[in-house]
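Written out below as structure tokens is the structure these notes cover.
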Amino acid sequence: MSFFNNLVGSINSVVDSVVDIYSNANTFPNTVIRLNGRNFTITKLLGEGGFSFVYLAQDEQKQMYAVKTIRCQLGKEVAANAVREAIITDRFQHPNIIKIVDMCMIKEEDGSKTVYIIMPFYKRGNIQDLIDKSNQLGKSISEKHILSLFRGICQSIQAMVNYTDRLGARKHWAHRDIKPANVLLSDDGKTPILMDFGSARLARLDITDRKRAMKQQDDAAENCSMPFRAPELFDVKVGTRIDEKIDIWSLGCTLFAMAYGESPFEMTVNQQGGTMALAVLNRQFFFPHAKQYSKQLQNLISLMLNTDPKLRPDIDAVIKAIDKMMVHY
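Following the UniProt record's numbering, the numbering of the sequence shown begins with 1 at its first residue and continues without gaps.
Here is the structure:
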């Protein structure tokens with residue numbers, strides 16, 4: 001059973017619960033933090049962005065973990081969002097979705113609060129690291145390897161779309177920020193692990209007025225990476241519906257990047273100029289001739305990168321297409 005099932009009350013009540021810290025985690029490396037009765041020694045900064053930092057840490061048994069810290073200096077909203085991200089992540093119990101080992105909120109010496117989210121550490125990094133390494137070596141990732149990894153990513157999205165809550169109600173979720181940097185690789189290099197659920201939302205939303213349209217557009221600008229963002233999030237129109245097909249677009253961009261070394265619209269802007277938004281809205285991308293992949297792979301990418309979300313395949317159809325291609329390997 002997930003440890004989050006034991007949480008009682010609203011997010012605000014969770015935010016108000018504070019645990020004392022052994023020493024300040026900002027003075028890494030070799031800082032010891034005590035979270036829910038366990039000691040973790042921070043050894044290395046792995047990455048940062050916005051209000052958050054991700055550290056490499058080990059427990060008293062020398063087991064390695066990734067510790068995401070989110071500083072909450074601007075009131076309860078940042079703290080509530082941090083707790084929300086952890087709860088959403090833990091909701092989807094799936095082999096291709098990151099696990100939450102533990103979570104804690106700590107009061108710092110300056111009176112601010114920091115949310116700590118403990119996750120497994122994967123030494124191979126993420127798929128963006130795999131792409132970068134391949135680019136540096138002047139090599140391509142084999143189509144067989146791409147399809148195998150991509151199928152696992154799609155399975156994580158399928159689990160989100162088909163999520164059923166404890167009361168048996170079907171709730172369709174969208175990740176909204178699928179990209180190679182948000183997909184970790186298991187230590188054997190074979191299993192992709194989707195992470196970073198701060199952008200995740202219930203998938204289906206009717207845009208009934210201008211206020212709701214602008215709210216969704218602003219939310220996407222803040223939380224959804226531009227090179228992988230669906231066109232309907234660049235220009236949110238009244239009278240439309242945003243749904244899980246936004247993730248299909250991002251998956252198409254991710255598959256392209258795995259094959260050709262960068263996202264399709266970054267490639268267009270880097271080689272032809274212009275703005276990312278216009279490249280996306282006008283569907284301006286091309287398949288390089290230097291790297292040869294099957295026509296079926298290119299056709300699947302083209303189908304997912306349809307500017308009309310109604311014409312994009314759903315996640316079940318994408319997985320079916322991948323399975324059909326993998327029969328040949």
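By construction, the Cβ of each residue, glycine as well, lies at the ideal position given by its N, Cα and C atoms.
Note that this is a predicted model, so its numbers are computed, not measured.
Residue i - DSSP class collapsed to helix/strand/coil
i           : result
Phe286      : coil
Cys253      : helix
Asn126      : strand
Met103      : strand
Val14       : Low confidence applies here, because Val14 scores a pLDDT of 37, under 50, leaving its location unreliable; read the following figure in that light. Note: Val14 maps to helix in three-state DSSP.
Asp59       : strand
Pro309      : helix
Lys113      : strand
Arg201      : strand
Ala230      : coil
residue 330 : What the structure shows of the chain is the stretch from 1 to 329, and residue 330 is not part of that stretch, so it cannot be assessed.
Arg166      : coil
Ile97       : strand
Met325      : helix
Tyr260      : helix
Thr268      : helix
Glu108      : coil
Ile141      : coil
Phe92       : coil
residue 331 : Here the chain has residues from 1 to 329 only, and residue 331 is not among them.
Spatial distance of residue i from residue j (CA atoms)
i      : j      : result
Asp316 : Val32  : 45 angstroms
Val18  : Tyr116 : Any reading at Val18 must be qualified, since the residue scores a pLDDT of 35, below 50, and its modelled position is unreliable; the value itself is stated next. The straight-line gap from Cα to Cα measures roughly 12 angstroms.
Cys253 : Lys113 : 37 angstroms
Ile242 : Ile106 : 37 angstroms
Phe240 : Val280 : Reading the sequence as shown, one finds Thr at residue 240 and not Phe. The straight-line gap from Cα to Cα measures roughly 18 angstroms.
Arg34  : Asn299 : 51 angstroms
Ile11  : Arg84  : The predicted position of Ile11 is uncertain, since its pLDDT is 32 and thus under 50; no value can be drawn from it.
Gly261 : Gly168 : 41 angstroms
Gln292 : Phe286 : 13 angstroms
Asp323 : Phe150 : 11 angstroms
Ala290 : Phe92  : 39 angstroms
Lys62  : Met119 : 15 angstroms
Lys133 : Ala181 : 13 angstroms
Glu109 : Gly125 : 32 angstroms
Tyr122 : Arg170 : 31 angstroms
Ser308 : Gln271 : The question names Ser, yet the displayed sequence has Asp at residue 308. One C-alpha to the other measures close to 25 angstroms.
Beta-bridge pairing of residue i - partner residues as DSSP gives them
i      : result
Val54  : Gly47, Lys68
Leu35  : Arg38
Arg241 : Asp206
Asp159 : What sits at residue 159 in the sequence shown is Ala, not Asp. DSSP output for Ala159 lists no bridge partner at all.
Met119 : Ala66
Leu185 : Pro192
Ala174 : Arg201
Spatially closest choice to residue i from the options, by CA coordinates
i      : options                        : result
Gln217 : Ile193, Ile246, Leu194, Thr191 : Ile246
His328 : Glu85, Arg84, Asp308, Leu297   : Leu297
Met160 : Ser142, Arg204, Leu185         : Arg204
Arg38  : Ala220, Trp249, Ala57          : Ala57
Arg229 : Tyr55, Arg176, Met258          : Arg176
Asn96  : Pro231, Thr191, Leu255, Ile88  : Thr191
Leu194 : Leu233, Lys144, Leu251, Val236 : Leu251
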